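These notes are about the structure you will find just below.
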Amino acid sequence: MVLIRVPLSVSLLWYPVKSSTVEQSGSIGISMTLEPSLIAEAKRGEGTLLNGIPLMEMPNIKFLQEKLGKVKIEAYSRVPLGYGYGLSGALSVAYAIAASELLGIDEERALVAAHESEIISGNGFGDVISQISGGIVCRKKPGAPGYGEVVRLHDYSSVIYSKILEKLPTSTIISGLDWVKDVVVNSCNLPLQDLFSIARKFTEDLGFISPYPLSYRKKGIIVKIGDPKEGVWTLHTISKFGASVI
């Protein structure tokens, strides 16, 4: 049995890039990896469960089963799947690490497969490489681990809050807003509060509006800096570490 932790991944900016190969496709952008992490217990066997509920017909997991072999994953998360927390990517990363640990698959090869599974299934275009990095991640070049280029920003002091609104498919937020490409390159060293301001403009241009100050809406959640004072919110901290075996 292997115990694995994978941080959440919430993007601030993203620009999807389709290349000639899946390994080189993905997105440029800036993401926060957040606690509380997904925790996965992996063993030899078959099947994937999240908070005790079997996940049936997840295309990313089916891809990994065929590519890497079968392992059993029992994962636990304090946030739900399908709202914008990067949980699909976290499950793919956990599966890849489990296959490496239990089946002897080369870890880099397994993580490349995790990235491929997310691209092919249309889920996270930059979550895998962000989640193995930790911190605040600036993706300067798209692609899988070993192909993409990231800069890790070491800001661990900020407290982030999220509020769940509705479950939405990733396709609702796939965007090719051209101005984002230049902004990503020039924003990697900005303070997080400034990044939130840019993220707010970006997501509003996509039609996603947040009524709260110092916040933006990403897919089915509101993401905010500073105490919301009222309502039901989840508290997060920036993850100090990327995905790992515990």
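Using my numbering, the first residue of the sequence shown is number 1388, and each one after it goes up by one. Glycine included, each C-beta is placed from N, C-alpha and C at the ideal position. Fair warning: this is a prediction, and the values are worked out from it, not measured in the lab.
When DSSP labels each residue in this structure, what does ARG1604 get in the three-state scheme?
strand
Among residues of its own chain, excluding the 5 on either side of ILE1506, which ones have a beta-carbon nearer than 8 Å to its beta-carbon?
VAL1409, SER1412, GLY1413 and PHE1512
Tell me, please, whether the region 1469-1483 touches the region 1389-1399 by the rule of three or more beta-carbon pairs shorter than 8 Å.
yes
Nearest neighbour of SER1504, chosen from ILE1523, PRO1467, SER1584 and LEU1451 [CA to CA]
LEU1451
Going by Cα to Cα distance, which pick from THR1435, VAL1393 and ILE1612 is closest to GLU1422?
VAL1393
Applying the 10 Å Cβ sphere with the 16-neighbour rule, what's the burial state of TYR1599?
buried
LYS1459 in three-state terms, based on DSSP
strand
Taking Cβ to Cβ, would you say ILE1391 is nearer than 8 Å to ILE1633?
yes
Pair within 8 Å by beta-carbon distance, LYS1527 and VAL1515
no
Would the region 1477-1497 and the region 1541-1552 be scored as touching if the rule is three or more Cβ pairs under 8 Å?
no
GLN1635: which of GLU1536, ILE1612 and ARG1465 sits nearest, CA to CA?
No statement about residue 1635 is possible, as the shown extent of the chain runs from 1388 to 1633 and does not include it.
Using CA coordinates, which residue listed in VAL1570, SER1626 and LEU1437 is at the minimum distance from SER1464?
LEU1437
Rounded straight-line distance, which links the Cα of ILE1523 to that of ILE1625:
7 Å
Would you mind reading off the limits of the alpha helix (DSSP H) that contains GLU1505?
1494-1508
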